[in-house]
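Protein chains in written order, with UniProt numbering: chain A, 1 to 306; chain B, 1 to 306.
Cβ atoms here follow ideal geometry from the backbone N, Cα and C, with glycine treated the same way.
2 protein chains.
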Amino acid sequence: MVYVVGHKNPDTDSICSAIAYAELKKKLGVDAKPARLGDVNPETAFVLEKFGFEVPELIEDGEGKKLILVDHSDKAQSVDNIDKAEIVEIIDHHKIGDITTPNPIFFLAMPVGCTATVVKLLYDYYNVEIPKEIAGLLLSAILSDTVIFKSATTTDKDIKAAEELARIAGIADINTFGVQLKSKLSDVEKLTAEEIIKRDFKDFDMSGNKVGIGQIELVDIKMIEDRIDELLEKMREMKESGGYAGLFLMLTDIIKEGTLLLAVVDDESVVERAFGKPLENNRVWLDKVMSRKKEVVPPLESAYSS
Amino acid sequence: MVYVVGHKNPDTDSICSAIAYAELKKKLGVDAKPARLGDVNPETAFVLEKFGFEVPELIEDGEGKKLILVDHSDKAQSVDNIDKAEIVEIIDHHKIGDITTPNPIFFLAMPVGCTATVVKLLYDYYNVEIPKEIAGLLLSAILSDTVIFKSATTTDKDIKAAEELARIAGIADINTFGVQLKSKLSDVEKLTAEEIIKRDFKDFDMSGNKVGIGQIELVDIKMIEDRIDELLEKMREMKESGGYAGLFLMLTDIIKEGTLLLAVVDDESVVERAFGKPLENNRVWLDKVMSRKKEVVPPLESAYSS
Ligand SMILES: [Mn+2]
Ligand SMILES: [Mn+2]
Numbered sequence: 001m002v003y004v005v006g007h008k009n010p011d012t013d014s015i016c017s018a019i020a021y022a023e024l025k026k027k028l029g030v031d032a033k034p035a036r037l038g039d040v041n042p043e044t045a046f047v048l049e050k051f052g053f054e055v056p057e058l059i060e061d062g063e064g065k066k067l068i069l070v071d072h073s074d075k076a077q078s079v080d081n082i083d084k085a086e087i088v089e090i091i092d093h094h095k096i097g098d099i100t101t102p103n104p105i106f107f108l109a110m111p112v113g114c115t116a117t118v119v120k121l122l123y124d125y126y127n128v129e130i131p132k133e134i135a136g137l138l139l140s141a142i143l144s145d146t147v148i149f150k151s152a153t154t155t156d157k158d159i160k161a162a163e164e165l166a167r168i169a170g171i172a173d174i175n176t177f178g179v180q181l182k183s184k185l186s187d188v189e190k191l192t193a194e195e196i197i198k199r200d201f202k203d204f205d206m207s208g209n210k211v212g213i214g215q216i217e218l219v220d221i222k223m224i225e226d227r228i229d230e231l232l233e234k235m236r237e238m239k240e241s242g243g244y245a246g247l248f249l250m251l252t253d254i255i256k257e258g259t260l261l262l263a264v265v266d267d268e269s270v271v272e273r274a275f276g277k278p279l280e281n282n283r284v285w286l287d288k289v290m291s292r293k294k295e296v297v298p299p300l301e302s303a304y305s306s
Numbered sequence: 001m002v003y004v005v006g007h008k009n010p011d012t013d014s015i016c017s018a019i020a021y022a023e024l025k026k027k028l029g030v031d032a033k034p035a036r037l038g039d040v041n042p043e044t045a046f047v048l049e050k051f052g053f054e055v056p057e058l059i060e061d062g063e064g065k066k067l068i069l070v071d072h073s074d075k076a077q078s079v080d081n082i083d084k085a086e087i088v089e090i091i092d093h094h095k096i097g098d099i100t101t102p103n104p105i106f107f108l109a110m111p112v113g114c115t116a117t118v119v120k121l122l123y124d125y126y127n128v129e130i131p132k133e134i135a136g137l138l139l140s141a142i143l144s145d146t147v148i149f150k151s152a153t154t155t156d157k158d159i160k161a162a163e164e165l166a167r168i169a170g171i172a173d174i175n176t177f178g179v180q181l182k183s184k185l186s187d188v189e190k191l192t193a194e195e196i197i198k199r200d201f202k203d204f205d206m207s208g209n210k211v212g213i214g215q216i217e218l219v220d221i222k223m224i225e226d227r228i229d230e231l232l233e234k235m236r237e238m239k240e241s242g243g244y245a246g247l248f249l250m251l252t253d254i255i256k257e258g259t260l261l262l263a264v265v266d267d268e269s270v271v272e273r274a275f276g277k278p279l280e281n282n283r284v285w286l287d288k289v290m291s292r293k294k295e296v297v298p299p300l301e302s303a304y305s306s
């Protein structure tokens, strides 16, 4: 049996692509099962309920397991003991990470907005009909990852895939469904500062510096403005205890289309080198910036390497 | 402009897949050009001449270049200064190597016998007709890498691709063409010991040990038997000067289907742990073993890690 599993702090893409790709593998005769590496967020919970899926099984240790990785190819984002797992496939849309294998495997990464788009293309390639409910999952993942096509990571392939999936899933108004979906994550009132920071949080190694970057997408950034001091306080704490050189939180406004970046860093000049604007009071507004992967990680990486 | 380039010590797959994939990219509107990282071997020279292609441009430094890598995903096997190149795609059939990228790219690795098989599938995927001469190149690469389908790396996909390519290229008898092709590399008389060892030679890092493995395929291993002492002598020299923990040479008999493995190693027990048979006089016959990638590298890697 092989588990299909996304990254830690799973987002909707990591959960839905795991379910949909496990389903495809089963149709191709492989004994596959979706899994997850952490709690599902409210957006994902909404999607699973809407299309009638259970929350996948939680796995916490890769040792001895056969794994298909989706939505990541970096050890740091993968299951604990990934070095003791057997990785049999990787399906991704991020930069190529540091996972290596002792044997040849199927590895498909595409520079598109969402792993679900790649999974949709694989259903087509194998000529396997996409079930209505699976189409709903894949569409949701695309709308989530591309912030309803507003993220700079969005490609024509994502839009085309989403349109076909919406037709199969019977969803007439993609945009309205997308806003409904994204609003599930905007409900930050009941969350602690730590929960907000860790909602979608990833660790990176940038030229030897440990860097953590969280992101939360909001229908309106005003919803969180009066909690910024509280968030910064918690980020300082996490930076200390986690040994980070820099801790960042992207407060992304999906309607205004931009990100208020909060930063607690050893060397504040790294922000100006990365984005051409200085931090003021631990924050800087980045107009049009919506994608961590495409618009925040690469400039920070080159700032840290210079 | 982007260069499409295979690994160092190029084999027929690395050269032919580079030419064929550059051609496909051009048809898809990309300004692509094939390149190579070293001299072509007599088999490859025969193939290029037969199908009417020039030897691709030699490149020696990756700095500042845009590259599509074929037939490898390991830094050690790639162009010098690969860290200063921009890698825009990877097409491969080996284990996943240590190359990472700062941005998402197209990366397709498949567990098949030859990169040319993956390139053939990509022509099909993009619905681009394969020119007759390109089909000849791709067929040659498959016959070369799979040792006329005898290597353990051979899959149904390779055989199916080769049959279709032979039809396009107008080659009626695949097997006869394969033996003709492979015999070009059997002509070892005029080669020095060093040329034989380095003909198809790769470096590996196995649990911190520098390991080098060469391979030469022969229509009849007898052709080289009286030169084994000379080969071992040269291997001892190369081991010393190169700081290797182990230096191996596979003398592969493509008719008898097996490999006489020559080894000059710090710790001879590694061979018995890897292959279940001890070295005698720096050599051991491995029946049915024809593939470095699938039958020699993995057992050696686990022997070195234990
Ligand atoms: Mn994703
Ligand atoms: Mn190859």
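Whose C-alpha, out of the options, is nearest the C-alpha of residue i?
i: A85/B; options: I197/B, P102/B and G97/B; result: P102/B
i: Y304/A; options: V55/A, S291/A, E280/A and S269/A; result: S269/A
i: L121/A; options: P104/A, L67/A and D156/A; result: D156/A
i: D200/A; options: K293/A, K222/A and D266/A; result: K293/A
i: G246/A; options: A166/A, I255/A, P299/A and M235/A; result: M235/A
i: I224/B; options: D253/B, G208/B and E233/B; result: D253/B
i: G113/A; options: P104/B, G113/B and V112/B; result: P104/B
i: V70/B; options: A141/B, K132/B and P42/B; result: A141/B
i: H94/B; options: E129/A, H94/A and V88/A; result: V88/A
i: P10/B; options: A45/B, G29/B and E23/B; result: A45/B
i: E233/A; options: N281/A, K25/A, V5/A and F149/A; result: N281/A
i: M238/A; options: E257/A, I255/A, D203/A and L251/A; result: D203/A
i: T176/B; options: F275/B, G258/B, F149/B and A161/B; result: F149/B
i: D267/B; options: S306/B, D229/B, E295/B and L251/B; result: S306/B
i: A161/B; options: G170/B, T117/B, P111/B and L48/B; result: T117/B
Kindly identify the DSSP beta-bridge partner or partners of residue i.
i: F248/B; result: I213/B and A263/B
i: K33/A; result: Y3/A
i: E280/A; result: R283/A
i: D92/B; result: A109/B
i: V55/A; result: Answer is none; V55/A lacks a bridge partner.
i: E86/B; result: K66/B
i: G258/B; result: D253/B and D287/B
i: L218/B; result: D253/B
i: M206/B; result: N209/B
i: P104/A; result: K95/B
i: F201/A; result: G214/A
Look at the Cβ atom of residue i, then the Cβ atom of residue j, and state whether they are nearer than 7 Å.
i: V147/B; j: S183/B; result: no
i: D13/A; j: T115/A; result: yes
i: residue 338/A; j: I213/A; result: With chain A running from 1 to 306 in the structure shown, residue 338/A is simply not present.
i: K75/A; j: I99/A; result: yes
i: S291/A; j: S151/A; result: yes
i: Y21/A; j: V119/A; result: yes
i: K8/B; j: G38/B; result: yes
i: L58/B; j: Y123/B; result: no
i: I96/A; j: A135/A; result: no
i: A109/B; j: D92/B; result: yes
i: F107/A; j: F107/B; result: yes
i: A172/A; j: L139/A; result: no
i: K288/A; j: G243/A; result: no
i: F51/A; j: E163/A; result: no
Excluding the five sequence neighbours on either side, which residues of its own chain have a C-beta within less than 7 Å of the C-beta of residue i, listed in chain order?
i: L231/A; result: A193, I196, I197, L249 and L262
i: I19/A; result: P34, F53, P56 and L137
i: E60/B; result: D80
i: E301/B; result: M206
i: P42/A; result: K184, L185 and D187
i: I15/A; result: G6, R36, V40, T44 and P56
i: L286/B; result: G258, T259, L261 and F275
I'd like the list of long-range same chain contacts for residue i, defined as Cβ closer than 6 Å, with 5 residues on each side in sequence excluded.
i: L143/B; result: G178 and L181
i: A32/B; result: V2, V4, A22, K25 and K26
i: R273/B; result: A303
Check whether the Cβ of residue i sits closer than 6 Å to any heavy atom of ligand 4, and report yes or no.
i: E49/A; result: As for ligand 4, it is missing from this structure, which binds only ligand 1 and ligand 2.
Which residues in the same chain as residue i place their Cβ atom closer than 8 Å to its Cβ, once the five residues preceding and following it in sequence are excluded?
i: V271/A; result: L261, A263, V265, K277, P278, L279, V284 and A303
i: H72/B; result: G6, H7, S14, S78, D92, H94 and G97
i: L191/B; result: R199
i: G208/B; result: none
Does any residue of chain C bring its CB to less than 7 Å from the CB of residue i?
i: H93/A; result: No chain C is present in this structure, whose protein chains are A and B.
Chain-ordered list of residues that sit, by beta carbon, closer than 5 Å to a heavy atom of ligand 1: Listed by position along the chain, the residues with Cβ atoms less than 5 Å from a non-hydrogen atom of ligand 1 are D13/A, D71/A, T115/A and D145/A.
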